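In our numbering, the protein residues as written are 2 to 504.
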């Protein structure tokens, strides 16, 4: 694992205490001097988690299946632990512990930047850096609380266990951390978002897509308020991102993407120039290649479940592009995948055959923001606006698109009356008329973000039961309200006194 140098980091139990002690033993003259906006900006490169949740969150969801053991299938212990919803002691790539550590490393970098800014006399010259640091700190805490805590519920958020919200730079190896409540964490995140919105300047970045630009911050706010259930604010922040013509900012799966080979798709999906990509990140992970070859990932039955013809658009004589044209088979075992993330190796000691596995992936896209807004419209019962957003999306996803034959409630309701979607149990009420739209929205989101881990957050948000099939014909089920929906915090964090999640 690559270590961040020159700042004191205590990752709430991370097993890197020797490096922290080395740092604390150094004289201040040997540490990075944060004496200019440029130096703070350089530090803020480390304020984004250098890890991904995709490799465990996707596998915990109902997007993964069991491929069995075969020539082209790789066995990887963290992959199996995630599929069986088991607490894992591993801190290797694609584990909750690895992601926890990366998030708190990012938070530490953000806090050191904020501390340095507080000490300068010309604070007005550090406005952009302060905005980025606040946004990055908020994002890392948001991801932590939504993986290691319950989903936000205003009736229980004050008592639900969240995560430690760290606001001060680390200057000691051991500190008496406490888990804040989910409400406390959300309140602090919201404060950071609101302040960051006043400060972030897009012109302060050389490559804006790898930083919190204004668009990225508003995309983050769109997700934050969706999870919090503040529908008006979801719409407000989504509008800023999407503008007057959302379809022009979506991936053109129905156009230029159809002309690409797999290698071209891999390149295009994570390009900074791709309008859909609002914010990109690079992190250490085996998921780039693992999404194809790991035993528990997109299996053949899941390919049929997710990428068979859409029943609603098929009735309209449309064909969904994803799955029909750009679903690839890696081998005779039909290891299906969509070319999104290309696994890469960061060479180690100038040896091209050894190094750190990593990938680039989008953290926020216009597709997600569009779905967020459509869901918020739905909860406000603005069904015409829901259909308008759906139409913007389907224009880019349905071959032979015909604007005269748009999707409507009658088509959606007819399909789901024949085969109900999952039982939805969020903390708020979903009325009979709303659930049909919601089922369809969730199905579209599920397909759109395959391999990306977002489905797991929908499973948590709506508290629906999911089942994982086992290759021998058995199955395992994650019921509603099961404690395993809240990932256990790392063993090292429990060892230093943090309260464990119930089991």
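We treat Cβ as the ideally placed atom computed from N, Cα and C, and that holds for glycine. Please read these numbers as outputs of a predicted model, since none were measured by experiment.
In angstroms with no decimal places, state the Cα-to-Cα distance between residue 484 and residue 121.
Here residue 484 refers to the residue found at position 483 when the chain shown is read from its first residue. Here residue 121 refers to the residue found at position 120 when the chain shown is read from its first residue. Rounded to whole angstroms, residue 484 to residue 121 spans 46 Å at the Cα level.
Counting along the chain, where does the alpha helix (DSSP H) carrying residue 476 start and finish?
Along the chain shown, one-based indexing puts residue 476 at 475. Run containing residue 476: none in the alpha helix (DSSP H); it sits in the beta strand (DSSP E), 476 to 479.
For residue 73, which of 403, 300 and 64 has the nearest alpha-carbon?
Residue 73 sits at position 72 when you count from the first residue of the chain shown. Measuring from the Cα of residue 73, the nearest candidate turns out to be 300.
Enumerate, from N- to C-terminal direction, the unbroken alpha helix (DSSP H) stretches of 4 or more residues contained entirely within the region 224 to 283.
The qualifying runs are 232 to 243 and 263 to 270.
With a threshold of 8 Å on Cβ separation, who are the neighbours of residue 471 within its own chain once the five nearest residues in sequence on each side are excluded?
As a working mapping, residue 471 is identified with position 470 in the chain shown. Result list for residue 471: 67 and 477, in chain order.
Going by DSSP in three states, residue 435 sits in which element: helix, strand or coil?
Residue mapping note: residue 435 aligns to position 434 of the chain shown, counting from 1. Looking at residue 435 - three-state DSSP - the assignment turns out to be helix.
Using a threshold of 8 Å, state whether the C-beta atoms of residue 101 and residue 491 are closer than that.
Position 100 of the chain shown holds residue 101. Position 490 of the chain shown holds residue 491. Yes, they are a contact pair.
Suppose the cutoff is 8 Å on Cβ atoms and the five residues either side in sequence are ignored; what does the same chain contact list for residue 388 look like?
Locating residue 388 in the chain shown gives position 387, where the first residue counts as 1. Closer than 8 Å at the Cβ level, and outside the excluded window around residue 388, lie 407, 408, 409 and 410.
Helix or strand or just coil, what does DSSP make of residue 500?
Position 499 of the chain shown, counted from the first residue, corresponds to residue 500. The answer is coil: DSSP assigns residue 500 none of H, G, I, E or B.
Tell me the residue span of the beta strand (DSSP E) that contains residue 348.
Start at 1 with the first residue of the chain shown, and residue 348 comes out as number 347. It spans 345 to 349 - the beta strand (DSSP E) in which residue 348 sits, taken as one unbroken run.
For residue 228, tell me which candidate among 36, 373 and 53 has the shortest Cα-Cα distance.
Working through the chain shown from its first residue, we reach residue 228 at position 227. Ranking the options by Cα distance to residue 228, first place goes to 373.
Give a yes or no on whether the C-beta atoms belonging to residue 243 and residue 367 are separated by under 8 Å.
Reading the chain shown from its first residue, position 242 is the one you call residue 243. Reading the chain shown from its first residue, position 366 is the one you call residue 367. Yes, these two residues count as a Cβ contact at 8 Å.
Apply the 10 Å Cβ neighbour rule to residue 273 and answer buried if 16 or more other Cβ atoms are within range, or exposed otherwise.
Taking the first residue of the chain shown as 1, we reach residue 273 at position 272. Exposed, because fewer than 16 other Cβ atoms sit within 10 Å of the Cβ of residue 273.
Can you tell me where the beta strand (DSSP E) with residue 468 in it begins and where it stops?
For the purposes of this step, residue 468 is taken as the residue at position 467 of the chain shown. It spans 467 to 470 - the beta strand (DSSP E) in which residue 468 sits, taken as one unbroken run.
Who are residue 352's beta bridge partners in DSSP?
Locating residue 352 in the chain shown gives position 351, where the first residue counts as 1. Residue 352 is bridged to 349.
Give the range of the alpha helix (DSSP H) segment to which residue 102 is assigned.
Sequence index remark: in the chain shown, residue 102 carries index 101 (1-based). That run of the alpha helix (DSSP H) goes 97 to 120.
DSSP has residue 410 in a bridge; who is on the other side?
Here residue 410 corresponds to residue number 409 of the chain shown, with the count starting at 1. DSSP, once it has assigned bridges, lists no residue as partnering residue 410.
With 16 other CB atoms within 10 Å as the buried threshold, where does residue 28 fall?
What you label residue 28 is simply residue 27 of the chain shown in a count that begins at 1. Caution is warranted here: a pLDDT of 37 is assigned to residue 28, below 50, making its placement in the model unreliable, and the coordinate value is therefore given only provisionally. Exposed, by the Cβ-count rule.
Considering just the uninterrupted stretch of the alpha helix (DSSP H) at residue 393, what are its terminal residues?
Taking the chain shown and counting its residues from 1, the one referred to as residue 393 is at position 392. Residue 393 -> alpha helix (DSSP H) spans 384 to 396.
For the alpha helix (DSSP H) containing residue 142, name the first residue and the last one.
Numbered from 1 along the chain shown, position 141 holds the residue referred to as residue 142. Segment 128 to 149, the alpha helix (DSSP H) holding residue 142.
In chain order, what residues of the same chain have a beta carbon less than 6 Å from the beta carbon of residue 318, not counting five sequence neighbours either side?
Within the chain shown, residue 318 is the residue found at index 317, counting from 1. At residue 318 the pLDDT is 43, less than 50, meaning the model places this residue with poor confidence and gives no usable figure here.
Using a Cβ-Cβ cutoff of less than 6 Å, which residues in the same chain neighbour residue 298 once the five nearest sequence positions on both sides are dropped?
Counting from 1 along the chain shown, the entry for residue 298 is found at position 297. Hits under 6 Å: 65 and 292.
Leaving out five residues before and five after residue 128 in sequence, what residues of the same chain have Cβ atoms less than 8 Å from its Cβ?
In the chain shown, residue 128 corresponds to position 127, counting from 1. So the qualifying residues of the chain are 200 and 202.
Please report how far the alpha carbon of residue 70 lies from the alpha carbon of residue 295, in whole angstroms.
Locating residue 70 in the chain shown gives position 69, counting from the first residue. Locating residue 295 in the chain shown gives position 294, counting from the first residue. The alpha-carbon atoms of residue 70 and residue 295 are separated by roughly 10 Å.
Find the nearest neighbour of residue 1 within the set 432, 246, 466 and 258, judged by alpha-carbon distance.
Outside the modelled stretch of the chain, which goes from 2 to 504, sits residue 1, for which no answer is possible.
So if DSSP puts residue 423 in a beta bridge, which residue, or which two residues, is it bridged to?
Mapped onto the chain shown, residue 423 falls at position 422. The partner list for residue 423 (beta bridge, DSSP) is empty, contrary to what the question assumes.
Find out if the Cβ-Cβ distance for the pair residue 84, residue 452 is shorter than 8 Å.
Position 83 of the chain shown holds residue 84. Position 451 of the chain shown holds residue 452. It is not a contact, given that the beta carbons lie outside the stated cut-off.
Pair every Cβ in the region 133 to 141 with every Cβ in the region 150 to 160, then say whether three or more of these pairs are closer than 8 Å.
The region 133 to 141, when compared against the region 150 to 160, does not touch it at the 8 Å Cβ threshold.
Sorted by chain position, which residues of the same chain lie with C-beta nearer than 6 Å to residue 1's C-beta, five sequence neighbours on each side aside?
Limits of the chain in this structure are 2 at one end and 504 at the other, which puts residue 1 out of reach.
Enumerate in chain order the residues of its own chain whose CB-to-CB distance from residue 370 is below 7 Å, with the five nearest sequence positions on each side excluded.
Indexing the chain shown from 1 puts residue 370 at position 369. Excluding sequence neighbours, residue 370 sits near 220, 223, 239, 242 and 243.
For a test of the three-state rule: what should DSSP assign to residue 399, helix, strand or coil?
One-based indexing of the chain shown puts residue 399 at position 398. In the structure shown, residue 399 sits in a strand (DSSP, three-state: E or B).
Suppose the cutoff is 6 Å on Cβ atoms and the five residues either side in sequence are ignored; what does the same chain contact list for residue 111 look like?
Counting from 1 along the chain shown, the entry for residue 111 is found at position 110. Cβ neighbours of residue 111 beyond the five flanking positions: 48, 134, 137 and 138.
Near residue 456, which residues of its chain fall below 6 Å by C-beta distance, leaving aside the five closest residues on each side in sequence?
Against the chain shown, residue 456 aligns to sequence position 455. Taken in chain order, the residues that qualify are 62, 64 and 447.
Going straight from the alpha carbon of residue 216 to that of residue 251, what length do you get?
Translated into the one-based positions of the chain shown, residue 216 becomes position 215. Translated into the one-based positions of the chain shown, residue 251 becomes position 250. When rounded, the distance between both Cα atoms is 14 Å.
Which residue from 180, 75 and 50 puts its Cα closest to that of residue 287?
Translated into the one-based positions of the chain shown, residue 287 becomes position 286. Nearest C-alpha to residue 287: 75.
Is it buried or exposed for residue 332, if we count other Cβ within 10 angstroms and need 16 for buried?
If you number the chain shown from 1, residue 332 lands on position 331. Residue placement at residue 332 is flagged as unreliable, the pLDDT there being 48, under the threshold of 50; the coordinate-derived value follows with that caveat. Exposed, by the Cβ-count rule.
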